[in-house]
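Enquirer:
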Amino acid sequence: MRELKIFSGRANPELAREICGFLHLAPANITLGKFPDGENYCKIDEDVRGRDVFLIQPTCPPVNDNLMELLIMIDS
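Just so you know, our numbering puts 17 at position 31 of the sequence shown, and the rest follows in order with no gaps.
1) Which residue or residues does DSSP assign as beta-bridge partners of F40?
2) What's the gap between the Cα of N50 and the Cα of P44?
3) Determine, using beta carbons only, whether F40 and L1 come nearer to each other than 9 Å.
4) Classify N(-2) as helix, strand or coil using the three-state DSSP reduction.
5) Leaving out five residues on either side along the sequence, give the residues of the same chain with a beta carbon under 6 Å from the beta carbon of P(-7).
6) Where N52 and R(-4) are concerned, what is the direct C-alpha to C-alpha distance, given to the nearest angstrom?
7) Got a sec? Which residues, its chain only, sit under 6 Å from K29 by beta carbon, not counting five neighbours each side?
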């Protein structure tokens, strides 16, 4: 079985921790933030080559911010 990596956005990190606990995995390291102009940024802090990657990011309010963060995570 290939190694899993589970990354969490900022919308619900507790959900990601619960999922990781159920799977006996540590959440993968990711750096998320905003530039001074309000634009989101994302840096994946782990090697994901050849691994199955799952992103946990609900699109609850504020929907625009959470959806954009998810899209930036996907692009990273």
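Ideal Cβ placement from N, Cα and C applies to all residues, glycine included. Quick caveat, the model's predicted, so the values are computed rather than measured.
Expert: For this structure:
1) Counting from one through the sequence shown, the residue named residue 40 turns up at place 54. DSSP output for F40 lists I(-8) as bridge partner(s).
2) Locating residue 50 in the sequence shown gives position 64, where the first residue counts as 1. Locating residue 44 in the sequence shown gives position 58, where the first residue counts as 1. Roughly 11 Å separates the two Cα atoms.
3) Position 54 of the sequence shown, counted from the first residue, corresponds to residue 40. Position 15 of the sequence shown, counted from the first residue, corresponds to residue 1. Cβ distance not < 9 Å, so F40 and L1 don't count as in contact.
4) Taking the first residue of the sequence shown as position 1, residue -2 is located at position 12. Three-state DSSP puts N(-2) in coil, outside helix and strand.
5) Translated into the one-based positions of the sequence shown, residue -7 becomes position 7. In the sequence on display, residue -7 carries Phe and not Pro. A14, I16 and L41.
6) The count along the sequence shown starts at 1 and reaches residue 52 at position 66. The count along the sequence shown starts at 1 and reaches residue -4 at position 10. Distance between the alpha carbons of N52 and R(-4) is about 8 Å.
7) Position 43 of the sequence shown holds residue 29. The answer, listed in chain order, is T17.
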